[in-house]
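S.K.: Handing you this structure, nothing more for now.
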Amino acid sequence: MSQYGEHLIHRSVNQWPDHRFKAFAGKGVIIIGKARFDHIFGGFLAGIVLGTILAAATSVSRWADLLLSPAIKVVRATPVASFIILVLLWVESGRVPGIMSALMVLPVVWGNVSAGIAKTDPLLLEAASFYRFGAGKKLRLLYIPSVLPYFFSGCSTALGLAWKSGVAAEVLCLPSLAVGTKLYYAKIYLETPSLFAWTAVVILLSYLLERAFLALCNLLRRNHKEASL
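Just so it is clear: in the sequence shown, position 133 is 133 by the working numbering, and no numbers are missing.
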């Protein structure tokens, strides 16, 4: 390791006790409070809605499956950085994190919901057809119970992807009042303690959001079971 690199490491370690709460105090609290996380969460919700709709469409229609499945798989395989740069060419920087979140969430939710629909018990579907269940009754009694475990699992995975891709987009697009922007400037100005502090903020927020989402999923699951009884 070069002397310069060693200097940075020793400097960051020595200064860390004095700066470890830098991101949580003073201006850091104001920035976190005003940070525009709405674009990431909006993209997350949009990806869930679009992924669910497209999964239903590709499961019902063979033509929709032939048309949409390859495009969704291309979105899944494309590197995040490439998408960020391409989207940045066409839209303003403040909207890029939300779009990236939606693009990362959509394939995951689509794949899980499609799998849940495909796993619906064919014998139950045959019995439902025999007793002439309506579409709404089939959806409520057969498809939703089959899809829910896959849906919640996909949303839990997609939440982490939405958060990471949104922060990555912020690092490249530099919107105002964003954690990704603070990470970028900490790197540019070699403020290693600040870099560690804001990284800790990202990890902590990701963990808290995941726990809150899992609690919400468990609540919805219990409510659905009670409603089905």
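Ideal Cβ positions, reconstructed from N, Cα and C, are used throughout, including at glycine.
(1) If you drop the 5 nearest sequence neighbours on each side, which residues of the same chain put their C-beta closer than 7 Å to that of Ala212?
(2) Starting from the Cα of Gly116, find the closest Cα among Ser101, Ser59, Ala77 and give me that residue.
(3) Give me, in chain order, the residues of the same chain whose beta-carbon lies closer than 7 Å to that of Ile40; leave out the 5 immediate sequence neighbours on both sides.
(4) Going by beta carbon distance, what residues of the same chain come within less than 6 Å of Gly154, once the five residues before and after it are set aside?
(5) Using only the alpha-carbon positions, how far apart do Ala71 and Glu191 sit?
(6) Quick one: is Gly136 buried, meaning 16 or more other Cβ sit within 10 Å of its Cβ, or exposed?
(7) State yes or no: is the C-beta of Val87 within less than 8 Å of the C-beta of Phe44?
(8) State the DSSP-derived secondary structure class of Glu92, mapped to helix, strand or coil.
(9) Apart from the five residues just before and just after Leu214, which ones in its own chain have a Cβ nearer than 6 Å to its Cβ?
(10) Using 8 Å for Cβ pairs, my map puts Lys187 next to Leu195. What's the rounded Cβ distance?
(11) Excluding sequence positions up to five away, which residues of its chain have a Cβ less than 7 Å from the Cβ of Ala46?
(12) Where are the beta strand (DSSP E) runs, 3 residues long or more, that stay fully inside the stretch 98 to 137, in chain order?
(13) Indicate the three-state DSSP secondary structure (helix, strand or coil) for Phe41 in the structure shown.
(14) Which of the three DSSP states, helix, strand or coil, is assigned to Glu191?
(15) With a 10 Å radius around its C-beta and 16 neighbouring C-beta atoms as the bar for buried, classify Leu219 as buried or exposed.
(16) Take the Cβ of Lys182 as the centre, count every other Cβ of all protein chains shown within 10 Å, and call the residue buried at 16 or more, exposed below.
(17) Quick one: is Ala81 buried, meaning 16 or more other Cβ sit within 10 Å of its Cβ, or exposed?
(18) Over what stretch of residues does the alpha helix (DSSP H) that includes Pro70 continue unbroken?
(19) Tell me whether the beta-carbon of Ala64 lies closer than 8 Å to the beta-carbon of Ala55.
M.R.: By the coordinates alone:
(1) In the sequence shown, residue 212 corresponds to position 212, counting from 1. Closer than 7 Å at the Cβ level, and outside the excluded window around Ala212, lies no residue.
(2) Walking along the sequence shown from the start, residue 116 turns up at place 116. Considering only alpha carbons, the answer is Ser59.
(3) Locating residue 40 in the sequence shown gives position 40, counting from the first residue. Result list for Ile40: Pro97, Gly98, Ser101, Ala162, Trp163, Gly166, in chain order.
(4) Taking the first residue of the sequence shown as 1, we reach residue 154 at position 154. Cβ within range, chain order: Val108, Val109, Asn112.
(5) Taking the first residue of the sequence shown as position 1, residue 71 is located at position 71. Taking the first residue of the sequence shown as position 1, residue 191 is located at position 191. Each residue's Cα considered, the two are about 41 Å apart.
(6) As a working mapping, residue 136 is identified with position 136 in the sequence shown. Its Cβ having fewer than 16 others within 10 Å, Gly136 is exposed.
(7) To locate residue 87, count along the sequence shown from 1; it is residue 87. To locate residue 44, count along the sequence shown from 1; it is residue 44. The answer is no: Cβ separation not under 8 Å.
(8) On the sequence shown, position 92 is the one that residue 92 refers to. Three-state DSSP puts Glu92 in coil, outside helix and strand.
(9) Position 214 of the sequence shown, counting from 1, holds the residue named residue 214. There are no such residues.
(10) Position 187 of the sequence shown, counted from the first residue, corresponds to residue 187. Position 195 of the sequence shown, counted from the first residue, corresponds to residue 195. About 6 Å; that satisfies the 8 Å criterion.
(11) For this step, residue 46 is matched to residue 46 along the sequence shown. Ala102, listed in sequence order.
(12) none
(13) In the sequence shown, counting from the first residue as 1, residue 41 sits at position 41. Looking at Phe41 - three-state DSSP - the assignment turns out to be helix.
(14) Position 191 of the sequence shown holds residue 191. If DSSP states are grouped into helix, strand and coil, Glu191 belongs with coil.
(15) In the sequence shown, residue 219 corresponds to position 219, counting from 1. Looking at its Cβ environment, which holds fewer than 16 other Cβ atoms inside 10 Å, Leu219 is exposed.
(16) As a working note, residue 182 is residue 182 in the sequence shown. Buried.
(17) Counting from one through the sequence shown, the residue named residue 81 turns up at place 81. Under this definition Ala81 is an exposed residue.
(18) For the purposes of this step, residue 70 is taken as residue 70 along the sequence shown, with counting starting at 1. That run of the alpha helix (DSSP H) goes 62 to 77.
(19) Here residue 64 refers to the residue found at position 64 of the sequence shown. Here residue 55 refers to the residue found at position 55 of the sequence shown. No.
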